[in-house]
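S.K.: Take this structure, written in structure tokens, and hold onto it; I'll ask about it next.
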Amino acid sequence: MNHRNHIDPAADLDDEIRRISGRRIAGSLKWLRRIREQPAEAVHEVRKDLKRLRALVRLLQDTLGKRRHRKLQRDLRNAGRLLSAFRDAEVRLQLVKNLVDQSDPAARRALEEAVERIQSVHQGTVKTEDLEEAADEVMTLLRGARRRLRVWVVPSEGLGKQMEGALFRSFEKARLAMRRTLIHPVAENFHDWRKACKTLRHQLDLVMQPGGEGGEHPRIGTLHELSEHLGNLNDLDVLEESLEPLAEGTLDIAGLSAIRRELEERRTELVRESWAAGEGIFSREAENFIPLRGHCPAFSETWLDSPG
């Protein structure tokens with residue numbers, strides 16, 4: 018864990034929130050200025066920062082007020098969407114390349130044909146000038162968010178209880194997403210479950226004590242593991258969409274069936290791992306999974322017991 022992104026319990030909470038949000042925005046702006054030289058890495062890093070910023074804003078939504086919270090969330094969400102086309106194209110291409118490396122020689126030639134088609138679509142869909150234009154728009158949105166956060170007055174009285182409530186709501190949202198996925202296990206529900214788990218993990222990253230030798234707290238580690246399983250499932254859905262050009266290619270039915278069996282085996286295993294990890298987390302109540310007193314230095318007894 019990077020402790021510069023962790024709330025220091027010995028520091029003023031107001032200052033810590035401004036420091037962490039300011040550091041995320043400054044880091045994103047720095048990457049966006051490198052978008053021409055390092056497009057894939059810049060997009061990846063900025064999207065990570067945006068997700069963590071949104072998690073922080075959601076953690077503090079009670080102090081922001083509904084109007085300001087909605088405005089910040091909308092701007093940060095729109096910033097991420099401006100970069101999503103490039104990220105999606107990169108992911109599709111890399112996933113198919115990985116499948117080529119893992120496939121038997123009979124299927125490899127047809128898969129390489131799919132790679133060529135996806136590369137052609139990628140080059141036609143995401144142009145450098147379009148990406149730079151998107152980066153400029155993202156920088157404008159981030160600068161606006163930074164201005165609003167700088168003038169935001171964070172009331173320390175009762176803030177601990179408000180943040181505790183926000184964490185519990187995030188936990189319940191992730192649990193509800195799992196329940197929906199158990200009832201109707203379609204790609205959209207798995208995706209929503211993954212997003213809810215990542216928000217909760219990013220929020221806990223801010224407040225929970227690190228584990229042994231400065232690593233992740235075990236609670237965060239279990240959420241990280243679940244998010245990885247769900248992320249791999251999402252990648253599998255993207256991969257399947259990316260393989261559609263094979264329908265008009267030269268691979269015969271036997272070859273297509275072999276690829277389908279391999280993908281189904283991967284899906285079955287990932288779903289099984291997701292259910293197991295999710296059950297271990299969400300079969301308990303929020304206050305039992307998030308033991309703030311004694312585990313979260315930011316949530317001192319004074320914070321939690323102060324009048325709100």
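Going left to right, the sequence shown walks through residues 18 to 325 as this note's numbering numbers them.
Note that beta-carbon positions come from the ideal geometry of N, C-alpha and C, so glycine has one too.
(1) For residue 219, collect the residues of the same chain with a Cβ closer than 6 angstroms to its Cβ; drop the 5 residues on either side in sequence, then sort them by chain order.
(2) Which same chain residues, not among the five before or five after residue 156, have their C-beta less than 7 angstroms away from its C-beta?
(3) Considering only residues of the same chain and omitting the five flanking positions on each side of residue 303, which have a CB-CB separation below 7 angstroms?
(4) If you follow the alpha helix (DSSP H) that residue 95 is part of, which residue opens it and which one closes it?
(5) Hey, which unbroken runs of the alpha helix (DSSP H) at 4 residues or more fall wholly within the segment 157-222?
(6) For residue 181, is the classification buried or exposed, using 16 other Cβ atoms within 10 angstroms of its Cβ as the cut-off for buried?
(7) From which residue to which residue does the alpha helix (DSSP H) around residue 262 run?
(8) Could you check if residue 27 is buried or exposed, using at least 16 other CB atoms within 10 Å of its CB as the buried criterion?
(9) Given a threshold of 16 other Cβ atoms within 10 Å of its Cβ, counted over all protein chains shown, does residue 297 qualify as buried or as exposed?
(10) Considering only residues of the segment 28-66, which uninterrupted alpha helix (DSSP H) runs meet the minimum length of 4 residues and lie entirely inside it, listed in chain order?
(11) Are the Cβ atoms of residue 12 and residue 89 separated by less than 8 angstroms?
(12) DSSP state of residue 7, grouped into three classes?
(13) In three-state DSSP terms, what is residue 80?
(14) Within this structure, are the beta carbons of residue 23 and residue 223 separated by less than 8 angstroms?
(15) Of the residues 120, 56, 113 and 208, which one's Cα is nearest the Cα of residue 149?
(16) With a 10 Å radius around its C-beta and 16 neighbouring C-beta atoms as the bar for buried, classify residue 34 as buried or exposed.
(17) Give me the Cα-Cα distance between residue 274 and residue 204, rounded to the nearest whole angstrom.
M.R.: Answer, in terms of the structure:
(1) For residue 219, where only same-chain residues beyond five positions count, the Cβ hits under 6 angstroms are 69 and 72.
(2) Excluding positions up to five away in sequence, the list reads 46 and 49.
(3) Sequence-distant partners of residue 303 (beyond 5 residues in either direction) whose C-beta falls short of 7 angstroms from its own C-beta, in its chain, are 185, 188 and 189.
(4) For residue 95, the enclosing alpha helix (DSSP H) has its first and last residue at 83-99.
(5) Complete alpha helix (DSSP H) runs here, min 4: 176-200.
(6) Burial check for residue 181: the Cβ neighbour count within 10 Å reaches 16 or more, so the residue is buried.
(7) Annotation for residue 262: no alpha helix (DSSP H) segment contains it, and DSSP assigns it neither H nor E.
(8) Counting Cβ neighbours within 10 Å, residue 27 comes out exposed, since fewer than 16 surround it.
(9) With fewer than 16 other Cβ atoms from the protein chains shown falling within 10 Å of its own Cβ, residue 297 counts as exposed.
(10) For the segment 28-66, the continuous alpha helix (DSSP H) assignments of 4+ residues that do not extend past its boundaries occur at 30-49, in sequence order.
(11) Any answer about residue 12 is impossible in this case: the structure gives the chain only from 18 up to 325.
(12) Because the chain spans 18 through 325 in this model, residue 7 falls outside it and cannot be assessed.
(13) In the structure shown, residue 80 falls within a helical segment according to DSSP collapsed to helix, strand and coil.
(14) Yes, these two residues count as a Cβ contact at 8 angstroms.
(15) Checked all of 120, 56, 113 and 208; the closest Cα to residue 149 is 56.
(16) So residue 34 counts as buried.
(17) Whole-angstrom Cα-Cα distance: 21 angstroms.
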